[in-house]
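Undergrad: Mapped onto this note's numbering, the consecutive letters of the sequence shown carry residue numbers 629 to 875.
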Amino acid sequence: VHRGRRAACPSAMGREKKARRSSGTSEKKHPSRGMLKKKESRNSIGRARAKRGSAARYVTRTKALRMLQVTLKEFRRLCILKGIYPRDPPKKFKGSDKTYYYTKDVLYLQHEPLLAKFRETSALLKKVTRRAMRDEKADAVRLYDQRPVYRLDHLIRERYPTFPDALRDLDDALCLLHLFGSVPAHKGLPVARVANCARLCREFQAYVARTHCLRRVFISVKGIYFEAEVFGVRVLWLPPPPPGGGP
């Protein structure tokens, strides 16, 4: 009776041997590399192990793109607007050819309102491309004109919560304003923008002259530097030389 029960209910090992005999192979099936990695990343009760060290503090750019669900171009634009830069971890756990970011920075980007605008723009551009491929140019132009417009006011308030904070980063802005205000307009640079830059430069120079806050002027190989003190903050700018060539 015992032998009959054993024959009627074979064990798991017996079933595996019988399957190997019927398939004509005597080797055991080894788990794949992906299954081994998945098993190593799990603890004894099957849950994912908590990451430690560099793997927890840093994330690769590819994984950041998957977390944010944006393209590489949109991710770069968002990092420039938010002031987030790549980092160099002490231990490059995914290889030295990868670009790493702080995990907390990527999680901070997940709550950015600009992400919704980027996704809306991407979806609309797909519709525009589809219309253009169908030779429906009028509909494509109409859809392109309806693309969403986003504002950066909240980013400026986040980066510069007080007026002195904004004055500390005024150097580069003044140099660019003087540069764009002195170049001739062309197709990529409209006349209105050049005129606006020149007007802002004249207004700032009038403020410096009216308040007598100019402190130093010195000449170097690059040109003439001006330094003024505005609300206790030193502001340095370099206007381009006049079109004649000499200062």
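Glycine residues also receive a C-beta, built at the ideal position from the N, C-alpha and C atoms.
(1) Kindly indicate the opening and closing residues of the beta strand (DSSP E) around Val861.
(2) Just grab the DSSP bridge partners of Thr688 for me.
(3) Does any C-beta atom of chain C lie closer than 7 Å to the C-beta of Cys803?
(4) Should Val734 be labelled buried (16 or more other beta-carbon atoms within 10 Å of its own) or exposed?
(5) Which residues mark the beginning and the end of the alpha helix (DSSP H) in which Ile784 is found?
(6) Going by beta-carbon coordinates alone, are Cys829 and Gly809 separated by less than 7 Å?
(7) List, from N- to C-terminal side, the alpha helix (DSSP H) runs of 4 residues or more that fit wholly inside the stretch 771-857.
(8) For Arg759, name the three-state secondary structure that DSSP assigns.
(9) What residues in its chain sit with their C-beta under 6 Å from that of Arg689, if we drop five residues either side in the sequence?
(10) Mapping the DSSP letters down to three states, classify Gly711 as helix, strand or coil.
TA: Let me lay it out:
(1) Counted from its first residue, the sequence shown places residue 861 at position 233. Looking at the DSSP string, the run of the beta strand (DSSP E) that includes Val861 is 861-865.
(2) Residue 688 sits at position 60 when you count from the first residue of the sequence shown. As a beta-bridge residue in DSSP terms, Thr688 pairs with Tyr728.
(3) In the structure shown, chain C does not exist; there is a single protein chain.
(4) As a working mapping, residue 734 is identified with position 106 in the sequence shown. Buried: at least 16 other Cβ atoms inside 10 Å.
(5) If you number the sequence shown from 1, residue 784 lands on position 156. Here the alpha helix (DSSP H) through Ile784 covers 781-787.
(6) Taking the sequence shown and counting its residues from 1, one reaches residue 829 at position 201. Taking the sequence shown and counting its residues from 1, one reaches residue 809 at position 181. Yes, the pair counts as a contact, with Cβ atoms nearer than the cut-off.
(7) For secondary structure counted as the alpha helix (DSSP H) over 4 or more consecutive residues, the stretch 771-857 holds these complete runs in sequence order: 781-787, 791-796, 798-808, 819-839.
(8) The residue given as residue 759 occupies position 131 in the sequence shown. Arg759 falls in the helix class under three-state DSSP.
(9) For the purposes of this step, residue 689 is taken as residue 61 along the sequence shown, with counting starting at 1. Only Thr727 meet the Cβ criterion.
(10) As a working mapping, residue 711 is identified with position 83 in the sequence shown. Three-state DSSP puts Gly711 in coil, outside helix and strand.
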